[in-house]
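Q:
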Amino acid sequence: MTMPNKLLRIKDNGTLLYTMRLTVHAECPMHLEDFPMDFHSCPLKFGSYAYTISEVTYKWTRNASDSVVVEGESSRLNQYDLLGQSVGQETIKSSTGEYTVMTAHFHLKRKIGYFVIQTYLPCIMTVILSQVSFWLNRESVPARTVFGVTTVLTMTTLSISARNSLPKVAYATAMDWFIAVCYAFVFSALIEFATVNYFTKRGWAWDGKSVVTDKKKERASVMKKNNAYAVAVANYAPTLGKDPSGSLPHHRQRGRRLLLGPVQTRLRRRGFWERAGAEEDFQQRQQNRPHVPHPVPGAFREF
1 MTMPNKLLRI
11 KDNGTLLYTM
21 RLTVHAECPM
31 HLEDFPMDFH
41 SCPLKFGSYA
51 YTISEVTYKW
61 TRNASDSVVV
71 EGESSRLNQY
81 DLLGQSVGQE
91 TIKSSTGEYT
101 VMTAHFHLKR
111 KIGYFVIQTY
121 LPCIMTVILS
131 QVSFWLNRES
141 VPARTVFGVT
151 TVLTMTTLSI
161 SARNSLPKVA
171 YATAMDWFIA
181 VCYAFVFSAL
191 IEFATVNYFT
201 KRGWAWDGKS
211 VVTDKKKERA
221 SVMKKNNAYA
231 VAVANYAPTL
241 GKDPSGSLPH
251 HRQRGRRLLL
261 GPVQTRLRRR
271 GFWERAGAEE
281 DFQQRQQNRP
291 HVPHPVPGAF
301 REF
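1 is the number of the first residue of the sequence shown in UniProt numbering; add one for each residue after it.
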């Protein structure tokens, strides 16, 4: 008996050979928690719709590997590798009776090469690029800011493009977790730079305040010493004359040291020539100053 896309043969012993050509568009339920490193077992079920077990019974006459044969050329898929197939049989009960259902499972493994090139490598390179910003000088604020903002935007674009190729599932996949970790590294690099920059400027401000405070303390101590020298000179007015032998008495030398003290303190930070000129002027003033003879040495000379 010849029929379109069907073959029906009746043998002498009463056996029927019935084959049919079918093109089936089937769907496979997938669990994408491990995407893109996931494995799937896609079932293909077929059976009788009108005849119950009492009328028609289906059985696999061969083993699992020979009952379902898949040609090598036809099993090539772009995103999956066919690992193998298995067969089974089950009975379904309904209101109209019991029916035999034949099941063939095709075991598939997803190819990860496409996702490595399109998602994993760009994410890894973006994270490395975000860490390169720490090798720059911390004072280079524009350069490090550009690094941080650019890497964050890149990670956002990669995550959106990777999610668009997936079904709208309510749970996170393995790729989502990977992108989230990469995004955390990139964003933490930007936050860390902002924190370091803030505390660096704050430290410089505290250092500047301490320097100003130290200078004020130093200036106050110098003024205090100058005032002390000035008070000592104002309270001490020696009237000793010059000794004929050419040497000054002890009180005269002490008064001269007191007079030289403020001048030396004020001229300590000046140049060599300014100090020399100041000392010459001071010596000339000392020579032109009238000397009053002391009564005790004069009495000894008269005696």
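Don't be surprised by glycine CBs; every beta carbon is placed ideally from N, CA and C.
#1: Determine contact between the segment 62-82 and the segment 101-112, defined as no fewer than three beta-carbon pairs at a distance below 8 Å.
#2: Determine the direct distance from the alpha carbon of G14 to that of T23, and round the result to whole angstroms.
#3: Measuring only the C-alpha atoms, how far is R163 from D176?
#4: Find the nearest neighbour of residue 321 within the set T154, F115, E27, judged by alpha-carbon distance.
#5: Which partner residues of C28 appear in the DSSP bridge assignment?
#6: Can you tell me whether Y183 is helix, strand or coil according to DSSP?
#7: Assuming S130 and F147 form a contact by the criterion Cβ under 8 Å, report the distance between their Cβ atoms to the nearest whole angstrom.
#8: Using three-state DSSP, classify T52 as helix, strand or coil.
#9: Can you look up S165 in the DSSP assignment and give me helix, strand or coil?
#10: Measure the beta-carbon distance from H105 to Q85 and round it to whole angstroms, keeping in mind my assumption that it falls under 8 Å.
#11: In three-state terms, what does DSSP make of S75?
#12: Run through DSSP, which three-state label would L82 get?
#13: Excluding the 5 residues preceding and the 5 following M1 in the sequence, name in chain order all residues of the same chain whose CB lies nearer than 7 Å to its CB.
#14: Go to L121, then tell me how far its beta strand (DSSP E) extends in each direction, as first and last residue.
#15: Tell me which same chain residues have a C-beta within less than 8 Å of the C-beta of M34, skipping the five on either side of it?
#16: On a CA-only basis, which of S221, L136, Y120, C42 is nearest L87? Give me that one, please.
#17: Answer yes or no: do Y183 and V152 have a C-beta to C-beta separation smaller than 9 Å?
#18: Select from S95, V186, M30, Y171 the residue whose C-alpha is nearest the C-alpha of V132.
#19: From this set, L32, F178, N137, A170, which residue's C-alpha is nearest V196's C-alpha?
#20: Measuring alpha carbon to alpha carbon, tell me which residue in S140, Y18, F39, H40 is nearest T200.
#21: Work out the CA separation of M125 and E218 for me, nearest whole Å.
#22: Among the candidates M37, M102, V169, F115, whose CA atom is the shortest distance from the CA of Y49?
#23: Using the Cβ count rule (16 or more neighbours within 10 Å means buried), how would you classify Y99?
#24: Closest to V149 by C-alpha separation, out of Y114, F193, L16, A26, would be which residue?
#25: E71 to T52, Cα distance in whole Å?
#26: Shortest alpha-carbon distance to S59 belongs to which of E90, V69, L83, M37?
#27: Is Q264 helix, strand or coil when you go by DSSP?
#28: According to DSSP, is R110 part of a helix, a strand, or is it coil?
A: The structure says:
#1: yes
#2: 29 Å
#3: 8 Å
#4: Here the chain comprises residues numbered 1 to 303, so residue 321 is not present and cannot be evaluated.
#5: In the DSSP output, where bridge partners are listed per residue, C28 has none listed.
#6: helix
#7: 7 Å
#8: coil
#9: coil
#10: 6 Å
#11: coil
#12: strand
#13: Model confidence at M1 stands at a pLDDT of 45, short of 50, so the residue's coordinates are unreliable; what they give is reported in the following sentence. Contacts found: L8.
#14: Here L121 belongs to no beta strand (DSSP E); instead the alpha helix (DSSP H) covers 121-132.
#15: Here the sequence assigns Asp to residue 34, which means Met is not the residue at that position. Result list for D34: T173, A174, in chain order.
#16: Note that residue 87 is Val in the sequence shown here, rather than Leu. Comparing Cα-Cα distances from V87 to each of S221, L136, Y120, C42, the minimum goes to C42.
#17: yes
#18: Looking at the Cα atoms, V186 is the closest of the given residues.
#19: Considering only alpha carbons, the answer is N137.
#20: The option with the nearest alpha carbon to T200 is S140.
#21: So the two alpha carbons sit approximately 55 Å from each other.
#22: M102
#23: Counting Cβ neighbours within 10 Å, Y99 comes out buried, since at least 16 surround it.
#24: F193
#25: 32 Å
#26: One point to set straight first is that residue 59 is Lys, not Ser, in the sequence displayed. Minimum Cα distance to K59 is reached at E90.
#27: At Q264, the pLDDT of 49 sits below 50, so the modelled position is not reliable; the number obtained from the coordinates is stated separately. Three-state result, Q264: helix.
#28: strand
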